[in-house]
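Q: Dropping a structure here in structure tokens format, bear with me for questions.
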Amino acid sequence: MSEEILVNVTPRETRVAVVENGMLQELHIERGWSRGVVGNIYKGKVQRVMPGMQAAFVDIGLERAAFLHAADIVKPAPVGNGDGEDTSLPATPTRPIAELLRDGQEIVVQVVKDPIGSKGARLTTQLSIPSRYLVLLPRTRVVGVSARIEDEVERARLKGILASLADSGGGHGYIVRTNAEGQPEEALAEDVAYLSRAWALINEKTAKARVGECVYEDLSLPLRAVRDLIRRDVEKVRVDSRETFERLRQFAAQYMPAVQAAASDDRAALDGKIEHYAGARPIFDMYGIEDEIQRALDKQVPLKSGGYLVIDQTEAMTTIDINTGSFLGQRNLEETVYRTNLEATHAVARQLRLRNLGGIIIIDFIDMTDPEHRRQVLRQLEKSLARDHARTTVYEFSPLGLVEMTRKRTTESLERQLSEPCHECGGRGMLKTPETVTYEIFREIVRQVRQFDAVRLLVMASPKVVARITDEESVAVAELEEFLGKSIRFQPDDQYAQEQFDVVLL
Numbered sequence: 001m002s003e004e005i006l007v008n009v010t011p012r013e014t015r016v017a018v019v020e021n022g023m024l025q026e027l028h029i030e031r032g033w034s035r036g037v038v039g040n041i042y043k044g045k046v047q048r049v050m051p052g053m054q055a056a057f058v059d060i061g062l063e064r065a066a067f068l069h070a071a072d073i074v075k076p077a078p079v080g081n082g083d084g085e086d087t088s089l090p091a092t093p094t095r096p097i098a099e100l101l102r103d104g105q106e107i108v109v110q111v112v113k114d115p116i117g118s119k120g121a122r123l124t125t126q127l128s129i130p131s132r133y134l135v136l137l138p139r140t141r142v143v144g145v146s147a148r149i150e151d152e153v154e155r156a157r158l159k160g161i162l163a164s165l166a167d168s169g170g171g172h173g174y175i176v177r178t179n180a181e182g183q184p185e186e187a188l189a190e191d192v193a194y195l196s197r198a199w200a201l202i203n204e205k206t207a208k209a210r211v212g213e214c215v216y217e218d219l220s221l222p223l224r225a226v227r228d229l230i231r232r233d234v235e236k237v238r239v240d241s242r243e244t245f246e247r248l249r250q251f252a253a254q255y256m257p258a259v260q261a262a263a264s265d266d267r268a269a270l271d272g273k274i275e276h277y278a279g280a281r282p283i284f285d286m287y288g289i290e291d292e293i294q295r296a297l298d299k300q301v302p303l304k305s306g307g308y309l310v311i312d313q314t315e316a317m318t319t320i321d322i323n324t325g326s327f328l329g330q331r332n333l334e335e336t337v338y339r340t341n342l343e344a345t346h347a348v349a350r351q352l353r354l355r356n357l358g359g360i361i362i363i364d365f366i367d368m369t370d371p372e373h374r375r376q377v378l379r380q381l382e383k384s385l386a387r388d389h390a391r392t393t394v395y396e397f398s399p400l401g402l403v404e405m406t407r408k409r410t411t412e413s414l415e416r417q418l419s420e421p422c423h424e425c426g427g428r429g430m431l432k433t434p435e436t437v438t439y440e441i442f443r444e445i446v447r448q449v450r451q452f453d454a455v456r457l458l459v460m461a462s463p464k465v466v467a468r469i470t471d472e473e474s475v476a477v478a479e480l481e482e483f484l485g486k487s488i489r490f491q492p493d494d495q496y497a498q499e500q501f502d503v504v505l506l
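Take the sequence shown: its letter number 465 is residue 465 in the UniProt record's numbering, and every next letter is one higher.
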């Protein structure tokens with residue numbers, strides 16, 4: 001599989017696109033005025049302990065107080081060997097929050113989820129610092145290996161290397177990331193040394209820091225892309241900014257000198273994969289990324305067969321509906337439905353990554369009567385999700401034929417980053433019809449006349465509504481004037497939205 005990473009840099013915005021076989025799979029955006037805070041470590045102060053919620057609100061210097069649950073305060077077991085990315089989760093029962101924190105207490109915390117919507121950031125005291133191949137877990141002795149490394153021999157080799165390196169790195173715990181598969185001991189040792197230096201610096205800054213001060217900030221988006229997204233099958237990283245290109249090469253040479261290139265026998269350094277794009281045409285236009293971004297904001301996603309997906313993102317969950325559309329198939333209805341659902345699994349997996357949809361996701365596949373077809377569709381969905389960087393969990397078909405799944409959410413979705421609620425409809429996605437607004441105006445006229453004394457009335461509304469009233473409802477207006485004994489004049493105004501109007505008493 002061919003994979004490229006494209007980095008587009010402008011003065012106020014940086015965008016990173018992950019392209020696989022010519023198709024956009026992921027888009028990451030960072031704007032100068034609204035950088036995410038996930039991964040940052042702060043010296044905070046407990047504002048309020050809430051025993052009823054087993055949580056506390058902590059001031060870390062952001063606009064809204066952050067949320068810290070008791071389960072994220074309890075330390076993991078001091079010794080252990082984990083098998084997945086979640087080995088740092090608490091190994092002991094959660095104690096009452098009142099026994100763990102008190103109002104006004106200073107505490108060092110890390111952000112695990114950005115503020116989303118009306119909710120503040122989510123915090124943990126279980127600090128972790130990532131590098132290219134490892135994640136440092138300070139003050140623990142956990143040694144874990146990513147569950148995505150499935151080869152048992154390789155898992156044992158990596159655990160053995162980390163067990164010997166852990167003592168030299170200060171006796172901390174580590175999780176081996178997926179990128180570490182096949183890497184030599186020297187590369188892991190360099191990461192251990194880097195993480196040890198980073199942790200020592202954090203301790204120094206923490207001792208001097210004031211409440212609300214950030215003592216560790218994660219890398220900027222281009223550097224995170226090099227650290228986290230580059231795998232062996234990544235052929236090139238193309239950057240359209242000379243300054244950012246130089247920074248990426250320096251970062252790669254300093255922190256990741258032992259990375260192997262795509263060919264197994266080629267020991268080229270990572271910076272050999274990083275190229276400066278100097279073309280006259282914008283890099284995202286060159287690869288068709290801008291068009292893909294626009295399509296990623298649409299509710300409907302077409303399938304090659306003629307079917308389509310309909311994606312609805314709500315506050316509670318995201319729903320995905322699959323339809324056959326114009327796809328008629330060649331054999332019978334069951335086969336047509338099965339083929340459409342199989343094709344949809346690839347599209348669903350891609351859209352989840354591209355749109356960065358997280359939380360609860362409900363997929364409404366087209367009904368299938370054959371149990372084997374259901375198993376094959378579910379298996380194909382899990383296979384299509386395998387390349388997703390975010391952790392996903394897929395459940396069996398429900399009695400209603402729905403597939404429930406979850407995808408870890410740490411930042412806002414692409415739609416929420418690029419869009420805002422419609423000012424016309426208030427975010428409902430629907431407008432009242434001119435007919436509905438017309439009858440609302442009639443009711444408001446009656447209400448105003450009964451409350452206040454007036455000789456005549458002026459109604460100001462959108463041109464579309466006024467045109468309908470004066471044209472199709474002229475008889476109704478005449479009857480209303482006779483009933484009320486008042487003169488009514490309608491005035492169109494382009495400044496009024498379709499649902500807006502004013503009744504003025506003269």
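The beta carbon of each residue, even a glycine, is placed where N, CA and C say it ideally should be.
Write down every uninterrupted run of the alpha helix (DSSP H) in the segment 431-478 whose length is 4 residues or greater and which is fully enclosed by it, in chain order.
A: Runs of the alpha helix (DSSP H) inside the segment 431-478: 434-451 and 463-471.
Q: Just curious, the beta strand (DSSP E) that H69 is in, first and last residue?
A: A66 to H69 is the span of the beta strand (DSSP E), which, as asked, contains H69.
Q: Determine the closest residue to S398 out of K273, R374, F442 and L414, with distance taken between C-alpha atoms.
A: Of the candidates K273, R374, F442 and L414, the one whose C-alpha sits nearest the C-alpha of S398 is R374.
Q: Return the first residue and the last residue of the beta strand (DSSP E) that H28 is part of.
A: Per DSSP, H28 belongs to the beta strand (DSSP E) from M23 to R31.
Q: Can R339 be considered in contact with the ligand HEM, in the sense that its beta carbon sits closer than 7 Å to one or more heavy atoms?
A: Absent from the structure shown: the ligand HEM. Ligands present: none.
Q: For F57, count neighbouring C-beta atoms within 10 Å of its own C-beta (all shown protein chains included) and say buried if the count is 16 or more, exposed if not.
A: So F57 ends up on the buried side.
Q: Helix, strand or coil for D59, going by three-state DSSP, please let me know.
A: Strand.
Q: Can the beta-carbon of V310 be found less than 8 Å from the beta-carbon of Y277?
A: Not in contact: V310 and Y277 (Cβ atoms no closer than 8 Å).
Q: Helix or strand or just coil, what does DSSP make of H373?
A: Reduced to three states, the DSSP call for H373 is helix.
Q: Who does V403 pair with in a DSSP beta bridge?
A: Paired residue(s): I363 and F397.
Q: Note down the Cα distance separating L402 from S305, rounded to an integer number of angstroms.
A: Computed Cα separation, rounded: 22 Å.
Q: Whether or not the segment 57-72 and the segment 378-394 are in contact is what I'm after, with contact meaning three or more pairs of Cβ atoms, one per stretch, closer than 8 Å; do they touch?
A: No contact exists between the segment 378-394 and the segment 57-72.
Q: Where does A258 sit, in a helix, a strand or coil, going by DSSP?
A: In this prediction, A258 scores a pLDDT of 48, lower than 50, which makes its location untrustworthy; the coordinate-derived value is nonetheless stated afterwards. Reduced to three states, the DSSP call for A258 is coil.
Q: If you follow the beta strand (DSSP E) that A17 is part of, which residue opens it and which one closes it?
A: Element bounds for A17: E13 to E20.
Q: Determine the extent of the beta strand (DSSP E) in which V234 is found, giving its start and end residues.
A: Counting along the chain, the beta strand (DSSP E) containing V234 begins and ends at V234 to V239.
Q: For R95 versus A55, is the C-beta spacing smaller than 8 Å?
A: Their beta carbons are not under 8 Å apart, which means R95 does not touch A55 by this criterion.
Q: Mind the definition here: the segment 176-184 touches the segment 148-155 only if three or more C-beta pairs lie below 8 Å; say whether that holds.
A: As far as the Cβ criterion goes, the segment 176-184 touches the segment 148-155, which means the pair count is three or higher.
Q: Count the other CB atoms within 10 Å of the CB of M405; is the residue buried (16 or more) or exposed (fewer)?
A: Flag for M405 reads buried.
Q: Just mark Y439 as buried or exposed, buried being the case when its beta carbon has 16 or more other beta carbons within 10 Å.
A: Flag for Y439 reads exposed.
Q: Is H346 helix, strand or coil when you go by DSSP?
A: Helix at H346.
Q: Would you kindly report the start and end of the unbroken beta strand (DSSP E) that includes N203?
A: N203 -> not in any beta strand (DSSP E); alpha helix (DSSP H) instead, spanning E185 to K208.
Q: Run through DSSP, which three-state label would Q54 get?
A: Coil, per DSSP.
Q: For M317, which beta-bridge partners are listed by DSSP?
A: M317 is bridged to I360.
Q: So I361 and T324 are supposed to be a Cβ contact under 8 Å. How far apart are they, rounded?
A: So it is not a contact: roughly 21 Å between Cβ atoms.
Q: Is DSSP giving R122 helix, strand or coil here?
A: Correct three-state label for R122: strand.
Q: In terms of alpha-carbon separation, which member of E412, E3, L136 and A296 lies closest to A193?
A: For A193, the nearest C-alpha among the options comes from L136.
Q: Thinking just about the alpha-carbon of each residue, which of T10, L505, P11 and S413 is nearest to the one in E444?
A: Among T10, L505, P11 and S413, the Cα nearest to that of E444 is on L505.
Q: Helix, strand or coil for G485, going by three-state DSSP, please let me know.
A: G485: coil per DSSP, three-state reduction.
Q: Inspect the beta-carbon positions of D167 and E412 and report whether they are closer than 8 Å.
A: Not in contact: D167 and E412 (Cβ atoms no closer than 8 Å).
Q: Where does the unbroken beta strand (DSSP E) through L385 begin, and where does it stop?
A: Per DSSP, L385 belongs to no beta strand (DSSP E) and is neither H nor E.
Q: Please name the residue, chosen from A461, N341, S118 and A349, that lies closest to L24 on a Cα-to-Cα basis.
A: Taking only the C-alpha atoms, the option nearest L24 is A349.
Q: Give the DSSP bridge partners of Q110, in chain order.
A: Per DSSP, I41 and T124.
Q: Skipping 5 residues on each side, what residues in its chain have a beta carbon closer than 6 Å to that of V38?
A: If we look at V38 and ignore the five residues flanking it on each side, its Cβ neighbours are V111, D114 and T410.
Q: Buried or exposed for K383, going by 16 or more other Cβ atoms inside 10 Å?
A: Exposed.
Q: Considering only the beta carbon of each residue, do V466 and K486 sit closer than 8 Å?
A: Result no, Cβ atoms of V466 and K486 do not sit closer than 8 Å.
Q: Quick test of your reading: I230 and L27, contact by CB under 8 Å. State the CB separation rounded to the nearest angstrom.
A: With 8 Å as the limit, I230 and L27 do not qualify as a contact, their Cβ atoms being about 16 Å apart.
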